[in-house]
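Position 599 of the sequence shown, counted from 1, bears residue number 589 in our numbering, the numbering being contiguous throughout. Backbone N, C-alpha and C define an ideal beta-carbon position, used for all residues, glycine too. To start, the structure under review is shown below, and the notes come after it.
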Amino acid sequence: TTINLSDYAPPSYLVPSVALTFRLHPNRTIVKAVLDVRRHPDTAPGDELVFDGDGIELVSLRLNGAPVDDVEITPDQLRIAGVPHEPFTLEIETAIDPEANLALSGLYRSNGVYCTQCEAEGFRRITYFPDRPDVLSVYTVRIEAPKADAPVLLSNGNPGAAGDLPDGWHFAEWHDPWPKPSYLFALVGGDIVGAFDRFTTMGGRDVKLGVYVERGKESRTGWAIDSLKRSMKWDEDVFGREYDLDVFNIVAVSDFNMGAMENKGLNVFNDKYVLADPTTATDTDYANIETIIAHEYFHNWTGNRITCRDWFQLCLKEGLTVYRDHEFSADMRSRPVRRIAEVRLLKSAQFPEDGGPLAHPVRPTAYREINNFYTATVYEKGSEVVRMLRIVVGDDAFRAGMDLYFDRHDGDAATIEDFLACFEEASNRPLTQFALWYHQAGTPQVTVETDYDTAKGRLTLTMHQSVPATPDQTDKEPMHIPIAFALFRPDGSHFPIADQSDLVKNGVIHLTKRRDTIIFDGIEEQPVVSLLRGFSAPVTLDIDQPETDRIFLARHEDDLYTRWQALDRLATDTILASYRQSNGETLPASATSLIGLYGEIAGDETLDAAWRALALTLPGETTLGREAGLNVDPDAIHVARETFLAAIAERHATAFADLYDSLLSDESYRPDAPSAGRRALELVLLDYLTVSEADGGRARALFDRADNMTEEAGALEVLMLRQPESGETATARAAFENRHGDNPLVMDKLLGMIARIPGPDAPGRVLQAMTHPNYIETNPNRVRALVASFAGANPSGFHRPDGSGYRLLADVIGRVASQNPQLGARLATHFRSWKGLDAARRDAAHKTLSDLRNMRDLPLDVRDIIDRTLS
Ligand code: ARG
Ligand code: ZN
């Protein structure tokens, strides 16, 4: 059954307060819920009450203290007929089996720790409830457990009474004064260890911070706490948002379906995004932890204090909160470097989604399974839309609009329309056309023709936009596309640009029509046009621009993000030309000057090392494959990229070697952005240098001298991917397993490397790695490290023309789906680009997808993805 946005109706019954008592038991946890229920004042329901449930056992039920006669109980619904019109009390006792809960939704046990995940619809797996985000309740929770099993008992809000009970049991009570929807409920119980700190808010509230981890991991909590304190301060400084409870707790668990969860006052995290120390976490891990800790913390205002009316509004909290964590990371690190990372992710994850059968609007209008809409479109494109909103209304109106939103909707379950109305008011301009970014799926395409008239000193840009058809949306309206731009003189200075009413303002062209012509006068010499500066809109841009202009921008654009963009475009075009002309075997003649440019950039000490590392990182094969159009052969894409990489390596062999040597450092590890940038550049150079090396000696030397995981794993990855069969690689790999075999998160890095080794042997290698003692299919991190890396980050290995990669993935989905439908569905999305492949691969993918669809007992989550992928 499909749920439609247009069918939204307010809830018939409200639950202003809830008291929950849990008696924790691995296989039979008893949950007693006492609900204060009343009719919604505005709706006039009949007298039947319908609550959600999912696979739970009802133990007892009382209404106003009396047994209930007219009740219908199914595993997924509780229906009571003839309920009173006046407020009443409902007492519901249910029994659940946390140990058997491998779906990791509801209450489950991870490595012996009880924890919950209720977003989106997991609370109904704990008790019967109106499990929808527009029912807000004040929660009081009491947890009882054997003290030895679960010395720590946590829930949302502030701690209350705690103490001992007979028979070695104990209890703890929690009260959350802030009304919240059920998806933000959380409980944790286990033998976990906390690391503590304090934060004083701008209003003077003293907050106790706790980061809880499994016993033995407490030495790896420092970075998470540090990131949390910086997040709290930043949200005060930048958005004026203050924390609102006496405690803020984070718990890291080892089995988790996503990255983390923003439960009020009790964030639960995938331990991959909490645990860090120099010898087990890479620079990328440190950066991810920083941004995800921030993300979940920022949800306290964008998500919790103001929540979503229904799940169609998911981007209201997710897109906005991603935007906020992007801004945070940009302030903590290098803004252009962060922007490059954001755009690379958008292009490799969201653009293919938007361009394939799973495309959907940032705010969808229909779903069968909401968990399948926690997508790159809702999150990443959702963030880009907020970023554009800021460009469109300007910085001041953006801040005023945010303030108005927080002020007006605090305590609400809101909609995208509510959100946009705040910015219409603050900016005093309609945003009707802008709102199409929430409603129209597909990546808009902008084409630009330039014409320069020397005699008149006039530059004319003719712009045209179109939005491709996507599932259920064929005819698209023109969008409001903000295109930041600059016109460069040959000496690298900018031509000053005057505003032109609504069309050109503050260095931004506002394209709102299907076609428009923009004229710039007083341009006394032929300018170099730089468009979409800072990636001001998530579009694809096609401009008739001579190669020399592109090279000019890659050399002189003073906005460093945009300089990278110019370089990336040149690299993409060069690799794709080689792919088209020679299956990637040889380079086009035009590659020569670009190859020279890489040498210039690498050695330019005035440039941030982190930026240089990204500049030297060629576009990924997934993005190249998408840009290559239809009938794509991923093997030839791989060859083309390697050919170009080898040419750069060969031309600059000496310079790169000298630079590499100069970057090696004996300083002890620090996770800050400049040190991380140095290591990133070092590792990119190591990869180039190893292409032309016979023995992998340099990588082996770095592996041996490394005192931190970034260089250790980085060197091993170069060995594994460049020389998978060499003896040096085997020795290094054995040493790595020896050192880190007891740390599953580090072993995941090795599984990921195995999965990413390109070429025909990849499926066999992945199958072999499934016998690795660390690979456990009930743990999503293990499956993602091996199988999702293979399917998502190794195009030449996954897309074997014989279909062996597809069958491997389908087999894993078949096994995983029955225990963890959400994980199975995630894995299934890796088929999303099958229609763009060449005929042999297309046929193989189609066959595998059809077989999967015919599988019996395929859960709805997976069926939904497969059906849409095939449609
Ligand atoms: N709201 C979480 C976040 O911070 C994601 C949780 C999604 N969970 C799920 N089962 N779909 O982004
Ligand atoms: Zn989120």
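Asked	Found
When the Cα atoms are used, what is the spatial distance from A705 to S716?	14 Å
When you compare each of D300, P434, T721, T274 to D402 by their alpha carbons, which one comes out closest?	D300
What residues are listed by DSSP as bridge partners for R132?	T11, E163
For S(-4), which option in N146, F302, A9 has the closest C-alpha, if you only look at C-alpha atoms?	F302
Using DSSP with H/G/I as helix, E/B as strand and the rest coil, what is P661?	coil
How many whole angstroms separate the CB atoms of D441 and T450, which I take to be in contact at a CB cut-off of 8 Å?	4 Å
Return the residue from the list T644, V622, R853 that minimises the CA-CA distance to R831.	V622
If we count the other Cβ atoms within 10 Å of its Cβ and call it buried at 16 or more, is I856 buried or exposed?	buried
In the DSSP assignment, what residue or residues form a beta bridge with D187?	L199
For T272, tell me which candidate among V125, D697, D732, Y588 has the shortest Cα-Cα distance.	D697
Would the region 161 to 172 and the region 121 to 131 be scored as touching if the rule is three or more Cβ pairs under 8 Å?	yes
Between the C-alpha atoms of E286 and V368, what's the straight-line distance to the nearest angstrom?	16 Å
Report all residues from its chain with a CB closer than 7 Å to the CB of G249; omit the five preceding and five following residues, and keep chain order.	N260, Y263, I282
Does the distance between the C-beta of T311 and the nearest non-hydrogen atom of the ligand ZN fall short of 8 Å?	yes
Given 8 Å as the limit, is there contact between the region 324 to 337 and the region 549 to 557, that is, 3 or more CB pairs closer than that?	yes
What are the residues that DSSP puts in a beta bridge with R69?	V40, E62
My output table needs one value for P472: the three-state DSSP class, helix, strand or coil.	strand
Report the rounded CA-to-CA distance for H15 versus D139, giving the unit in angstroms.	10 Å
For the beta strand (DSSP E) that contains G179, what are its first and last residues?	177 to 180
Look up G96 in the DSSP assignment and give the residues it is bridged to.	Q107
Just list the alpha helix (DSSP H) runs in the region 265 to 297, keeping only unbroken ones of 4 residues or longer that don't cross its boundaries, in chain order.	273 to 288
Thinking C-alpha only, which one of I215, V58, G787 is nearest P624?	G787
Examine the Cβ distances between the region 733 to 749 and the region 778 to 794 and report whether three or more of them are shorter than 8 Å.	yes
Please identify the residue among R99, N148, F113 whose C-alpha is closest to the C-alpha of I182.	R99
How far does the alpha helix (DSSP H) with D558 in it reach, from first residue to last?	550 to 572
I'd like to confirm something about Y287: is its beta-carbon nearer than 8 Å to some heavy atom of the ligand ARG, or not?	no
Should the region 530 to 546 be regarded as contacting the region 379 to 387, the criterion being three or more beta carbon pairs within less than 8 Å?	no
Go to N728, then tell me how far its alpha helix (DSSP H) extends in each direction, as first and last residue.	717 to 730
Can you give, in chain order, each stretch of the alpha helix (DSSP H) that sits fully within the region 745 to 814 and has at least 4 residues?	752 to 759, 770 to 773, 779 to 783, 785 to 788, 794 to 809
If you reduce the DSSP assignment to three classes, tell me which class L144 lands in.	strand
Compute every distance between the C-beta of E252 and the non-hydrogen atoms of the ligand ARG, then say whether any falls below 8 Å.	yes
How is the beta strand (DSSP E) around K207 delimited, first residue to last?	Element bounds for K207: n/a, residue is neither H nor E.
Give the list of continuous alpha helix (DSSP H) stretches no shorter than 4 residues that lie fully inside the region 604 to 662.	611 to 617, 624 to 641, 643 to 653
Distance check for Y428 and Y313, CA to CA, integer angstroms please.	15 Å
Which whole-angstrom value is the C-beta distance of Y104 and V178, which I expect to be below 8 Å?	7 Å
Measure the CB-CB distance between T799 and H836 and report whether it falls below 9 Å.	Correcting the residue type first, residue 799 is Leu in the shown sequence and not Thr. Not a contact, by the Cβ cut-off of 9 Å.
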